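> Residue numbers (my numbering): 858 to 1429.
This is the structure:
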């Protein structure tokens, strides 16, 4: 979109910039083996990577078990052989060849167990050295770009920017406007979700007021050299703390889109996490101040000089702590709320990839149009799409049923909020659900060509579904939601001014809001205008709430179900 806007504004960009180059990217992703080539494991992690791809893929159980057995010998051969030799040696010492024969099977099993433990420890060491992942996103062979390198090339190519000037959020915000485009704060609004595992919470990218630093040697493991050099240049002088140089990460719109994309990527442990650093300790220090050439000082400057004895004083960072960022889906798997407003001026669409337990049997050929139609669903009526999801955990095997239950617990913790939001009126009508089979998407990195083609066909059909979207109906539903929720919220506020519902011990708190007395203990309003505006707002809400309470009408009557609610939650 950024490249296309520049082209429409008259800029001379290469032919593969803008939407013209997007079809080539789509064709590239649909080519067999290309996605698999983007994931290039770190040194020492190749066997573990292959095993992970097989175990999470669509192979049959016997093949998975065979690969698991072979991988242990491939990753930890020394541990297996040493353990086997020691155990067979004990058998020889106890009974000669007959002792060896008697202990052969248990020795093999014990040696294999030692190999499993050794392999796990080896993979853990490799993953930690590779920033908690098997694939960093960079490759060792310049002829075959890895994931992050390819992403960087695509972003720069489509936006029409050179490789040494990364595309930033500011470039999107300030892109040229189309003729007749409605006013908005940004020409292109892009936001992403990442998860700060160290803080146990989601974060919206680009980061707002949060201050983070990075180590050059860590970012050189994750990003192309030109991007790292650009970040270092933008950061200015580094902070040297405990023998390490910390560079300030660009904030807000100055952040490169590539960095945000990398921070939000899926597949934790397969793809390395992104380490950032925040101050963990500050100390007040004073540095000598050079004498000013201009001897004219104001009173504040003179007093500062007297109290600090000619020194500049302030907090200084003396220690950092690491913060790990990974897949945004860990905490928010469907963040459609990022692009919402109280009342939208245009629709926001979403695509939900689902793996139903009893998916329609989609034909493996692209000619079965009816089967393909069943796999792509967009609610077209208000009574569609409200049903709850259902995942059965029943299975003949007790262990399998217990495993399904535990996975369902984890899925509930991760997705309950997104699932509720996706069923809500005003949301469900703009979410197209694409049913995938077990061999499609996910961790199936090396998919056959017919599977890739089938997925591409589903994606094309999902886009076509939106052509029949009714914004008039959507806008009206959103207003009914807002009116219903706002009325009930205002009624709650008005009830707090009812003396019959107030707690006598807290009358001072109620008066503080309604009349501005006594003086608030914190977060004081800084001017008389603000105090008056605050009290007027309170009065208007109470008056309106009482009117609705006494006279009605009830705007909830006939409103879309399930009913929405207004709650105060922090921005993240």
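Note that beta-carbon positions come from the ideal geometry of N, C-alpha and C, so glycine has one too.
As the structure is a computational prediction, the values presented were derived from the model and not from experiment.
#1: Alpha carbons only, please: which of 1334, 1056, 1402, 1177 is nearest the one belonging to residue 1204?
#2: By Cβ distance below 8 Å, which residues in the same chain neighbour residue 1230 in space, the five residues on each side in sequence not counted?
#3: Compare the Cα-Cα distances from residue 1099 to each of 1113, 1138, 1066 and report the closest residue.
#4: If you run the structure through DSSP and keep just helix, strand and coil, what is residue 1025?
#5: In terms of residue numbering, what span does the beta strand (DSSP E) encompassing residue 1071 cover?
#6: For residue 871, count neighbouring C-beta atoms within 10 Å of its own C-beta (all shown protein chains included) and say buried if the count is 16 or more, exposed if not.
#7: Ends of the alpha helix (DSSP H) at residue 1430?
#8: In chain order, what are the residue ranges of uninterrupted beta strand (DSSP E) at least 3 long that sit wholly in the region 1353–1387?
#9: Quick one: grab the DSSP three-state call for residue 1411.
#10: Going by C-alpha distance, which of 1238, 1306, 1183, 1198 is nearest residue 1060?
#11: How would you call residue 1219, buried or exposed, if buried means at least 16 neighbouring beta carbons within 10 angstroms?
#12: Using a Cβ-Cβ cut-off of 6 Å (strictly less than) and excluding sequence neighbours within five positions of residue 1295, which residues of its own chain qualify?
#13: Am I right that residue 1089 and residue 1104 are in contact with their C-beta atoms under 8 Å? What's the rounded C-beta distance?
#14: Determine the contact status of residue 983 and residue 902, defining contact as a CB-CB distance below 8 Å.
#15: Could you give the DSSP three-state label for residue 832: helix, strand or coil?
#16: Within 10 angstroms of its Cβ, does residue 1289 collect 16 or more other Cβ (buried), or is it exposed?
#17: Could you say if the region 1361–1368 and the region 1231–1238 meet the contact criterion of at least three C-beta pairs nearer than 8 Å?
#18: When the Cβ atoms of the region 1386–1401 are set against those of the region 1299–1314, are three or more pairs found closer than 8 Å?
#19: Output yes or no for whether 8 Å exceeds the beta carbon distance between residue 1006 and residue 996.
#20: Contact between the region 917–926 and the region 943–950 is defined here as three or more beta-carbon pairs at a separation below 8 Å; is this criterion met?
#21: Among residues of its own chain, excluding the 5 on either side of residue 1313, which ones have a beta-carbon nearer than 6 Å to its beta-carbon?
#22: Ends of the beta strand (DSSP E) at residue 916?
#23: When you compare each of 976, 1057, 1418, 1209 to residue 1338 by their alpha carbons, which one comes out closest?
#24: Which residues does DSSP pair with residue 1171 in a beta bridge?
#25: Going by the beta-carbon positions, is the gap between residue 976 and residue 933 smaller than 8 Å?
#26: Determine the direct distance from the alpha carbon of residue 993 to that of residue 1072, and round the result to whole angstroms.
#27: Just how far apart, CA to CA, sit residue 1283 and residue 1076?
#28: In angstroms, rounded to a whole number, what distance separates the CA positions of residue 1036 and residue 1042?
Reading off the structure:
#1: 1334
#2: 1318
#3: 1138
#4: strand
#5: 1070–1072
#6: exposed
#7: The displayed coordinates of the chain run from 858 to 1429. Any statement about residue 1430 would go beyond what the structure contains.
#8: none
#9: coil
#10: 1183
#11: Confidence in residue 1219 is poor, its pLDDT being 45 and thus under 50, which makes the residue's placement unreliable; the coordinate value appears in the next sentence. Result: buried.
#12: 915
#13: 6 Å
#14: yes
#15: With the chain covering 858 to 1429 only, the question about residue 832 has no answer from this structure.
#16: buried
#17: no
#18: no
#19: yes
#20: no
#21: 887
#22: That residue, residue 916, is in no beta strand (DSSP E); it is neither H nor E in DSSP.
#23: 1418
#24: 1142
#25: yes
#26: 16 Å
#27: 41 Å
#28: 16 Å
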